[in-house]
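I have placed the structure first, in the form of structure tokens, so that the comments after it can refer back to it.
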Amino acid sequence: MTGLDVREVSKMYKKKTALSSLSFQANQGECIVLCGGNGAGKSTLLSILAGILPPTDGTVTLHGVSLRMNRKQYISHIGYMPDEFHAPPMVTVWEFLSFYASLRKVTREQVEETLHDIGLEAQKMEWIKHLSKGMRQRLLFGQALLGNPALLLLDEPTNGLDPFWVDRFIDILKQRKNEGTIIIFSTHMMDVAADVGDVIVFMKNGAIVHRIETAACGPKEQTVLQLLALHRQ
Ligand SMILES: Nc1ncnc2c1ncn2[C@@H]1O[C@H](COP(=O)(O)OP(=O)(O)OP(=O)(O)O)[C@@H](O)[C@H]1O
Numbered sequence: 001m002t003g004l005d006v007r008e009v010s011k012m013y014k015k016k017t018a019l020s021s022l023s024f025q026a027n028q029g030e031c032i033v034l035c036g037g038n039g040a041g042k043s044t045l046l047s048i049l050a051g052i053l054p055p056t057d058g059t060v061t062l063h064g065v066s067l068r069m070n071r072k073q074y075i076s077h078i079g080y081m082p083d084e085f086h087a088p089p090m091v092t093v094w095e096f097l098s099f100y101a102s103l104r105k106v107t108r109e110q111v112e113e114t115l116h117d118i119g120l121e122a123q124k125m126e127w128i129k130h131l132s133k134g135m136r137q138r139l140l141f142g143q144a145l146l147g148n149p150a151l152l153l154l155d156e157p158t159n160g161l162d163p164f165w166v167d168r169f170i171d172i173l174k175q176r177k178n179e180g181t182i183i184i185f186s187t188h189m190m191d192v193a194a195d196v197g198d199v200i201v202f203m204k205n206g207a208i209v210h211r212i213e214t215a216a217c218g219p220k221e222q223t224v225l226q227l228l229a230l231h232r233q
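Each residue of the sequence shown is one higher than the one before, starting from 1 at the first, in the UniProt record's numbering.
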């Protein structure tokens, strides 16, 4: 059953076309990775799917719920990790997660579990401004995971993560896939894309120019080579 249905979505910023009539579907438990050079349209697409940016045209539905017709219900099923951190700095890790937990009716136990998953238990009472860049990324990731959303949208989630946390990130995404979560994330790390992605879409000038099914690619190294070749085109 198709969980996410994106149909002919376009986005214009004044006269500039950022996305042009983009369509794709994702099933439950499927991970789609967005690749492509700077300015290809990845963040724009993720912001639209998160319900933050209105599309100029097109429709998005998640498990039959329309983003346009029923935005509130639609976004209640979304976990979104933006590419920039906008949290006020004089807020602790615990306060930050608790705020999102209250919006999503997540229990204190689940917040504790998330803190464990992102390895920030020791920093629980730290101000966000005292965290390293990688720790702030992990906190943003944890915020998106809260409440087991049906659709996880992550904008360059591995930026600033050390190799240990890149591996942990991959493990957590694989676990969420097994639980049926639809995952869409952007990355410039081709090995991460090849490791977690079921489908890798390669974007250029706001359009999908290639679609790779990793299961049909053979070993992961082959997928990585294919993606690197696309970047050079
Ligand atoms: N607020 C905005 N106003 C005008 N143009 C914008 C705006 N945001 C993005 N754009 C343009 O839309 C296009 C797509 O940008 P987007 O940020 O979605 O690309 P991206 O693939 O995420 O890039 P990157 O890999 O650098 O993060 C670019 O040409 C960009 O200049």
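Glycine residues also receive a C-beta, built at the ideal position from the N, C-alpha and C atoms.
By how many angstroms is the C-alpha of residue j removed from the C-alpha of residue i?
{"i": "residue 121", "j": "residue 174", "result": "22 Å"}
{"i": "residue 67", "j": "residue 149", "result": "15 Å"}
{"i": "residue 157", "j": "residue 141", "result": "7 Å"}
{"i": "residue 3", "j": "residue 25", "result": "8 Å"}
{"i": "residue 181", "j": "residue 16", "result": "33 Å"}
{"i": "residue 43", "j": "residue 109", "result": "32 Å"}
{"i": "residue 224", "j": "residue 155", "result": "20 Å"}
{"i": "residue 98", "j": "residue 233", "result": "45 Å"}
Compare the C-alpha of residue i against each of the options and name the closest.
{"i": "residue 143", "options": "106, 160 and 171", "result": "106"}
{"i": "residue 58", "options": "20, 32, 44 and 43", "result": "20"}
{"i": "residue 81", "options": "100, 72 and 68", "result": "100"}
{"i": "residue 96", "options": "43, 226, 126 and 47", "result": "126"}
{"i": "residue 218", "options": "202, 128, 205 and 195", "result": "195"}
{"i": "residue 27", "options": "117, 131, 232 and 198", "result": "198"}
{"i": "residue 10", "options": "55, 91, 94 and 40", "result": "55"}
{"i": "residue 13", "options": "39, 31 and 35", "result": "39"}
{"i": "residue 77", "options": "170, 92 and 145", "result": "145"}
{"i": "residue 230", "options": "37, 170 and 18", "result": "37"}
Are residue i and residue j close, meaning C-beta to C-beta below 8 Å?
{"i": "residue 49", "j": "residue 184", "result": "yes"}
{"i": "residue 160", "j": "residue 137", "result": "yes"}
{"i": "residue 177", "j": "residue 29", "result": "yes"}
{"i": "residue 41", "j": "residue 71", "result": "no"}
{"i": "residue 139", "j": "residue 131", "result": "yes"}
{"i": "residue 248", "j": "residue 170", "result": "This structure leaves residue 248 out entirely; the chain is present only between 1 and 233."}
Quickly, what does DSSP pair residue i with across the bridge? List them, please.
{"i": "residue 175", "result": "None; residue 175 has no bridge partner."}
{"i": "residue 210", "result": "202"}
{"i": "residue 7", "result": "59"}
**Asked** Which residue spans inside the region 59 to 92 form an unbroken beta strand (DSSP E) run of at least 3?
**Response** Those beta strand (DSSP E) runs which fall completely within the region 59 to 92 and span 3+ residues are 78 to 81.
**Prompt:** Listed by chain order, which residues have C-beta atoms less than 5 Å from any heavy atom of ligand 2?
**Reply:** The ligand content of the structure shown is limited to ligand 1, which means ligand 2 is not among them.
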